[in-house]
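K.L.:
So the sequence lines, in the order shown, correspond to chains A and B. Per the working numbering, the first sequence runs over residues 238 to 395. Per the working numbering, the second sequence runs over residues 13 to 282. Handing you a structure now.
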Amino acid sequence: MLYKQLVDHIKNNQEKFYRVAYSYVKNREDALDIVQDATYKSLKSYKKLKSPEYLSTWFYRILINSAISLIRKNKKVTQWPADLILQSTEVIYLDLYDALEVLKPDDKTIVILRYFEDMKFKDIAEITNQNISTIKTKHTRILKQLKEILDWEVTSIE
Amino acid sequence: MNDLKGKYNDILIPKELDTMINTTIQSHKSHTKKKFSLIASLAAVCIFTFSLNVSPSFAETMHQIPVIKNIANILTVRSYEFDKENIHGDVNIPSVDIEDKALETYINETINNKVNEVLVEAELRADEYKTAYLETGGTEEGFAEKNMNVSVDHEIYLQNDAYLSFRVFTHETLAAVYGENLYFNIDLKQQKTLALIDLLGPDYIEKITAVVKEAVKQDPDQYFDEVKADDWQARADLSFYLNDQENVTVVFEKYELASGAMGRLEFTIN
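Below is the structure:
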């Protein structure tokens with residue numbers, strides 16, 4: 238039964254979903270709201286799901302939309318333009334997780350899914366409803382942005 | 013590229029995540045069930061209404077149809093625990109979801125701010141106490157045995173279509189006498205907070221005073237002398253809640269009317 242599969246999917250992966258949500262907002266209350274919102278919305282509309290094989294992608298999409306909606310609603314996350322960061326010597330970004338702060342919500346999605354959830358570009362494209370070359374182009378731009386901040390070597394895309 | 017994840021994997025999962033997800037799933041199940049019984053009830057009402065014109069005996073059965081209950085789910089409860097170096101905390105608070113979003117925000121923020129305030133102060137007090145304790149010859153084990161604790165909990169008095177009445181209360185090992193109580197009384201139909209004057213009328217102080225005086229007459233030894241004085245009157249800003257009969261119950265603080273051992277005295281105004 239699709240409903241039971243959805244419930245199991247949520248409960249089995251709740252910690253992962255929480256981490257994804259938390260990466261967007263960096264505070265517990267908002268992260269919990271996002272996961273709860275996604276849980277509620279998915280339960281309400283699970284009949285729209287065509288088949289179980291799309292379950293994971295579909296839920297991720299709801300989760301990410303919930304995260305981005307909350308950010309827009311709260312406007313709590315300040316997006317610093319990358320060049321502003323370069324001028325400030327006090328801001329230190331130790332790792333990729335910290336550097337998420339500078340990215341727009343849509344760009345955060347690509348980084349979280351690719352580097353924290355180890356997804357292929359193909360899956361990211363499906364979840365975010367964009368075509369794969371758009372994702373790859375955005376990814377290259379993001380890497381350049383991050384390179385400046387984290388002082389990375391930009392290696393190959395794949 | 014594994015060390016890229018770094019802090020991502022270290023993100024702490026709060027204990028309330030599991031509870032919250034289960035509650036959300038459960039609420040959805042019962043909401044769906046209620047929706048179906050609501051539809052069934054409506055269908056039943058339609059059948060009866062139609063039948064009224066057909067047969068006189070149906071008119072008699074009309075008044076036996078049960079009232080359709082409110083299906084909105086207004087309260088969610090958040091529970092979590094935490095351990096700081098010198099104190100353990102338990103929080104079990106409600107979060108409100110109602111039509112009037114400004115009122116909703118006010119209530120939820122009041123509760124959350126109170127929780128934060130209480131937890132921060134409790135932690136400070138515990139830290140200071142520990143320092144003093146150790147400096148005056150106490151041991152780590154001795155301190156650990158004290159089981160410093162702070163808790164924020166709640167009690168729901170009434171929840172129906174018309175009203176929501178609950179309190180949030182705090183308790184702290186080091187400051188038991190300073191336990192706080194926040195009362196929330198909401199008129200769900202008008203989407204506003206209730207005051208005593210709304211429920212008991214402009215002469216509410218007289219009404220409350222009369223009830224208290226009657227109780228004092230029944231058992232005079234329990235109360236302080238000043239309450240027995242002719243000119244004693246109840247405070248205008250008393251805390252109150254609505255009990256399950258929808259009656260106003262006022263709450264006096266400890267030591268207000270009688271010795272502390274009597275606790276916080278309550279009087280129901282019918």
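For glycine and all other residues, C-beta sits at the position ideal for the given N, C-alpha and C. As the structure is a computational prediction, the values presented were derived from the model and not from experiment.
Give the single residue among Val164/B, Thr143/B, Ile110/B and Glu268/B whose Cα lies nearest to the Cα of Leu131/B.
P.N.:
Ranking Val164/B, Thr143/B, Ile110/B and Glu268/B by Cα distance to Leu131/B puts Val164/B first.
K.L.:
So, helix, strand or coil for Gly18/B, using DSSP?
P.N.:
Coil, per DSSP.
K.L.:
Could you tell me if Glu252/A is buried or exposed, where buried requires 16 or more neighbouring beta carbons within 10 angstroms of its beta carbon?
P.N.:
Under this definition Glu252/A is an exposed residue.
K.L.:
DSSP three-state label for Gln38/B, please.
P.N.:
If DSSP states are grouped into helix, strand and coil, Gln38/B belongs with the helices.
K.L.:
With a CB to CB cut of under 8 Å and the five nearest residues on each side skipped, what residues in its chain are close to Asp256/B?
P.N.:
Closer than 8 Å at Cβ, skipping near neighbours: Tyr169 and Leu170.
K.L.:
What separation, rounded to the nearest whole angstrom, lies between the Cα atoms of Trp295/A and Ala174/B?
P.N.:
For Trp295/A and Ala174/B, the distance between alpha carbons rounds to 39 Å.
K.L.:
For the region 192 to 205 of chain B and the region 214 to 232 of chain B, state whether three or more C-beta atom pairs, one from each stretch, are separated by less than 8 Å.
P.N.:
The region 192 to 205 of chain B, when compared against the region 214 to 232 of chain B, does not touch it at the 8 Å Cβ threshold.
K.L.:
Could you pull out every residue in the same chain whose Cβ sits closer than 6 Å to the Cβ of Thr280/B, ignoring the five residues on either side in sequence?
P.N.:
Around Thr280/B: Asn259 and Thr261.
K.L.:
Could you name each continuous beta strand (DSSP E) segment of 3 residues or more that falls completely within the region 92 to 147 of chain B, going from the start of the chain to the end?
P.N.:
Whole beta strand (DSSP E) segments, 3+ residues: 100 to 108.
K.L.:
Specify the secondary structure class of Thr261/B as computed by DSSP and reduced to three states.
P.N.:
Strand, per DSSP.
K.L.:
Identify the continuous beta strand (DSSP E) that holds Asn302/A and give its terminal residues.
P.N.:
Not the beta strand (DSSP E): Asn302/A falls in the alpha helix (DSSP H), residues Leu292 to Asn311.
K.L.:
Beta-carbon separation of Pro106/B and Leu269/A under 8 Å?
P.N.:
Not a contact, by the Cβ cut-off of 8 Å.
K.L.:
Leaving out the 5 sequence neighbours to the left and right, which residues in its chain are closer than 6 Å to His100/B when beta-carbon positions are compared?
P.N.:
The residues are Asn161.
K.L.:
Within the 8 Å Cβ cut-off, does Thr36/B reach chain A?
P.N.:
Yes - at least one Cβ of chain A is within 8 Å of the one on Thr36/B.
K.L.:
Say whether chain B places a C-beta atom closer than 8 Å to the C-beta of Val244/A.
P.N.:
So yes, Val244/A belongs to the interface.
K.L.:
Contact defined as beta carbons within less than 8 Å: I believe Asn172/B pairs with Phe252/B. What is the distance between those atoms, to the nearest angstrom?
P.N.:
No, Asn172/B and Phe252/B are not in contact; Cβ-Cβ is about 17 Å, not under 8 Å.
K.L.:
Which residues share a DSSP beta bridge with His183/B?
P.N.:
The partner list for His183/B (beta bridge, DSSP) reads Ser163/B.
K.L.:
With 8 Å as the threshold, decide whether the Cβ of Phe296/A is near any Cβ in chain B.
P.N.:
Chain B, which has no Cβ nearer than 8 Å to the Cβ of Phe296/A, makes this no.
K.L.:
At a Cβ threshold of 8 Å, is Gln382/A touching chain B?
P.N.:
It does not; no Cβ of chain B falls within 8 Å.
K.L.:
What are the boundary residues of the beta strand (DSSP E) that includes Asp6/B?
P.N.:
With chain B running from 13 to 282 in the structure shown, residue 6/B is simply not present.
K.L.:
Relative to the C-alpha of Asn366/A, which residue among Arg378/A, Lys384/A, Asp343/A and Leu387/A is closest?
P.N.:
When only C-alpha atoms are compared, the closest one is Asp343/A.
K.L.:
Examine chain A for any beta-carbon lying closer than 8 Å to the beta-carbon of His166/B, and answer yes or no.
P.N.:
Chain A contact via Cβ: absent.
K.L.:
Under a Cβ-count criterion, where at least 16 other Cβ atoms within 10 Å of its own Cβ denotes burial, should Ser325/A be classed as buried or exposed?
P.N.:
In this prediction, Ser325/A has a pLDDT of 40, which is less than 50 and means its spatial position is unreliable; what the coordinates show is noted afterwards. Burial call: exposed.
K.L.:
Across which residues does DSSP place Ala270/B in a beta bridge pair?
P.N.:
Beta-bridge pairing links Ala270/B to Tyr235/B.
K.L.:
Interface residues of chain B around Leu239/A at Cβ under 8 Å?
P.N.:
Here the premise fails: no neighbours, minimum Cβ distance about 14 Å.
K.L.:
List the residues of chain A that Ile33/B touches, going by C-beta distances under 8 Å, in chain order.
P.N.:
Ordered by position in chain A, the residues that pass the 8 Å Cβ test against Ile33/B are Ile247, Lys248, Gln251, Val272, Gln273 and Thr276.
K.L.:
Quick one, which of Asn368/A, Leu380/A, Lys384/A and Asp360/A has its alpha-carbon nearest Glu290/A's?
P.N.:
The shortest Cα separation from Glu290/A among Asn368/A, Leu380/A, Lys384/A and Asp360/A belongs to Asp360/A.
K.L.:
Is any beta-carbon of chain A found at less than 8 Å from that of Gly18/B?
P.N.:
Chain A, which has a Cβ nearer than 8 Å to the Cβ of Gly18/B, makes this yes.
K.L.:
Does the region 268 to 283 of chain A come into contact with the region 370 to 382 of chain A, if we say contact requires no fewer than three beta-carbon pairs (one atom in each stretch) closer than 8 Å?
P.N.:
No, the region 268 to 283 of chain A does not touch the region 370 to 382 of chain A.
K.L.:
What are the residues that DSSP puts in a beta bridge with Ser251/B?
P.N.:
BP columns for Ser251/B point to Val263/B.
K.L.:
Tell whether a beta-carbon distance below 8 Å holds between Leu176/B and Leu200/B.
P.N.:
A contact, by the Cβ cut-off of 8 Å.
K.L.:
Does DSSP put Ser370/A in a helix, a strand or coil?
P.N.:
Three-state DSSP puts Ser370/A in a helix.
K.L.:
Using a Cβ-Cβ distance cut-off of 8 Å, determine whether Leu280/A contacts chain B.
P.N.:
Answer yes: the Cβ-Cβ gap between Leu280/A and chain B drops below 8 Å somewhere.
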